[in-house]
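In the working numbering, the protein residues as written are 31 to 496.
Where a beta carbon is used, it is the ideal one built from N, C-alpha and C, also for glycine.
Quantities reported herein were computed from a predicted structural model and do not represent experimental measurements.
Below is one structure; the comments refer to it alone.
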């Protein structure tokens with residue numbers, strides 16, 4: 031007899047600096063952040079000490095390749111060193127089911143349900159998200175002091191850890207890709223002209239990004255920075271705004287003249303109501319180009335209908351309510367019109383995602399531009415809303431973890447016990463994973479089906495012939 035499955039859970043999460051020498055009884059000073067805060071100081075110190083010992087011991091065997099994870103029967107511990115001497119550690123309770131054996135209940139732990147590569151990506155993204163809003167650990171320590179760094183870590187991670195959806199993490203976390211929206215020439219030109227006009231009229235705007243729904247159309251910032259900003263937008267900021275929008279509805283702010291364009295725009299970060307606002311309020315700042323030339327920018331997000339514009343304004347700029355009103359008057363009508371045109375185009379030309387049940391499902395990722403496309407996932411928000419069974423997605427993650435064995439190009443085909451065929455293709459830094467449910471198919475049938483999908487779904491994408 032089997033009871034309900036207990037899903038993967040976060041046991042603890044902590045950050046420490048391994049280079050800080052501490053006197054006996056002061057080992058706790060190495061700990062910069064620890065979750066859960068309810069754990070006693072001795073427990074925190076012991077956990078950090080054990081991790082340090084593991085890192086030093088394994089370093090004797092592979093000095094240039096630090097340990098990434100530790101497996102036990104009940105837990106999985108993951109390690110990430112984002113900066114010199116700084117370590118981030120995440121410990122997970124493995125999912126398990128209770129089974130009755132000989133009159134007693136025994137927990138069976140499902141170790142294979144937790145992929146190292148997936149949760150290593152989750153840990154890395156936690157750091158990148160922190161760095162986006164707070165800068166590097168090292169820079170904070172140098173500019174201020176350790177106590178200020180501890181406060182920043184506490185402020186950020188106490189909120190961020192609550193947003194983790196560990197149960198729904200899968201291969202998409204490894205990619206952390208960006209979904210692009212292909213447009214026709216006219217609509218893309220309209221977007222480009224809007225952005226050029228915006229940057230020309232307001233020189234303090236250094237970069238602009240433009241999204242429609244959950245898809246990126248244009249970005250002026252580096253792809254690595256856009257990658258983490260995109261994850262923040264579709265995972266946190268836009269869903270929260272849309273809930274508010276659905277409750278109140280999208281009401282056009284009609285201008286005085288009946289001949290003027292409708293205006294649906296409003297600021298998501300910034301003063302939400304320009305008529306009643308007495309000040310600009312607190313505008314978030316972000317850190318871009320962290321790996322080359324770190325720079326601070328105001329992060330202003332403006333939305334009209336289904337279009338979102340991100341403005342990156344120099345952090346030294348003196349923002350005023352007058353500037354926000356000007357930007358609103360400039361962007362609102364134009365963006366509302368562009369969003370309406372794009373929506374009309376998508377309705378007519380973009381293929382519906384309503385794929386029939388039983389149809390092949392695929393995930394595509396291009397490492398060169400960080401683009402991804404998925405018919406396995408029915409949304410981009412890690413809600414667990416998937417179109418094929420989880421076993422198939424786990425096999426895809428396994429293939430991804432072993433992709434180095436295939437070199438620059440290769441193909442792997444696996445058949446599961448429930449009659450799914452999983453195919454993984456790698457070529458030119460592009461990865462393509464397909465799940466096909468055909469019980470009596472042969473390898474030749476599956477190869478033909480994969481070729482057909484590549485021809486229809488990935489036009490112009492080159493895969494080496496196998």
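Through-space distance from residue j to residue i, alpha-carbon basis
| i | j | result |
| --- | --- | --- |
| residue 445 | residue 149 | 25 angstroms |
| residue 224 | residue 371 | 13 angstroms |
| residue 430 | residue 153 | 18 angstroms |
| residue 71 | residue 80 | 14 angstroms |
| residue 392 | residue 34 | 30 angstroms |
| residue 454 | residue 432 | 11 angstroms |
| residue 420 | residue 214 | 36 angstroms |
| residue 272 | residue 206 | 22 angstroms |
| residue 169 | residue 130 | 54 angstroms |
| residue 91 | residue 475 | 46 angstroms |
Span of the alpha helix (DSSP H) around residue i
| i | result |
| --- | --- |
| residue 81 | 71 to 89 |
| residue 188 | 176 to 190 |
| residue 219 | 215 to 231 |
| residue 454 | Residue 454 -> not in any alpha helix (DSSP H); beta strand (DSSP E) instead, spanning 450 to 457. |
| residue 161 | 146 to 164 |
| residue 468 | From DSSP, residue 468 is part of no alpha helix (DSSP H); its letter is neither H nor E. |
| residue 360 | 351 to 379 |
| residue 170 | 167 to 173 |
Given residue i as reference, the closest of the options once Cα atoms are compared
| i | options | result |
| --- | --- | --- |
| residue 437 | 456, 115, 419 and 122 | 456 |
| residue 44 | 211, 183 and 101 | 183 |
| residue 192 | 484, 433 and 42 | 42 |
| residue 417 | 232, 473, 466 and 227 | 466 |
| residue 521 | 489, 477 and 262 | What the structure shows of the chain is the stretch from 31 to 496, and residue 521 is not part of that stretch, so it cannot be assessed. |
| residue 369 | 337, 346 and 375 | 337 |
| residue 62 | 178, 474, 440 and 248 | 178 |
| residue 374 | 217, 233 and 448 | 217 |
| residue 349 | 440, 232, 413 and 115 | 232 |
| residue 511 | 141, 219 and 242 | Nothing about residue 511 can be read from this structure; the chain reaches only from 31 to 496. |
| residue 440 | 461, 320 and 471 | 461 |
| residue 304 | 114, 358 and 347 | 358 |
| residue 189 | 156, 203 and 116 | 156 |
| residue 101 | 268, 425, 143 and 165 | 143 |
Host beta strand (DSSP E) of residue i (start-end)
| i | result |
| --- | --- |
| residue 112 | 105 to 113 |
| residue 444 | 439 to 445 |
| residue 514 | A query on residue 514 cannot be resolved here, the shown segment of the chain reaching from 31 to 496 and no further. |
| residue 430 | That residue, residue 430, is in no beta strand (DSSP E); its alpha helix (DSSP H) goes 420 to 431. |
| residue 344 | 337 to 344 |
| residue 118 | 116 to 123 |
| residue 201 | First-last for residue 201: 201 to 205, but that is the alpha helix (DSSP H), not the beta strand (DSSP E). |
| residue 101 | 99 to 101 |
Residues of its chain near residue i, where Cβ-Cβ distance is below 8 angstroms and the 5 sequence neighbours each way are ignored
| i | result |
| --- | --- |
| residue 163 | 186, 314, 315, 316 and 317 |
| residue 96 | 85, 88, 89, 109 and 111 |
| residue 408 | 383, 415, 416 and 417 |
| residue 197 | 37, 38 and 414 |
Spatial neighbours of residue i in its chain, beta-carbon cut-off 7 angstroms, leaving aside the 5 residues before and after
| i | result |
| --- | --- |
| residue 270 | none |
| residue 299 | 313, 314, 329, 330 and 331 |
| residue 234 | 343, 344 and 347 |
| residue 354 | 297, 300, 301, 304 and 310 |
| residue 249 | 239 and 256 |
7 angstroms Cβ cutoff met for residue i and residue j
| i | j | result |
| --- | --- | --- |
| residue 483 | residue 390 | yes |
| residue 258 | residue 158 | yes |
| residue 328 | residue 361 | no |
| residue 76 | residue 60 | no |
| residue 341 | residue 397 | no |
| residue 39 | residue 132 | no |
| residue 93 | residue 37 | no |
| residue 320 | residue 161 | yes |
| residue 167 | residue 113 | yes |
Check: residue i C-beta below 6 angstroms from any heavy atom of the ligand ZN
| i | result |
| --- | --- |
| residue 412 | Only the bare structure without any ligand can be found here, which leaves the ligand ZN out of the picture. |
6 angstroms CB neighbourhood of residue i in its chain, flanking five on each side removed
| i | result |
| --- | --- |
| residue 422 | 450, 452 and 465 |
| residue 220 | 368 |
| residue 284 | Residue placement at residue 284 is poorly supported in this model, since its pLDDT is 46, which falls under 50; the coordinates are not used for a value here. |
| residue 325 | 318 and 319 |
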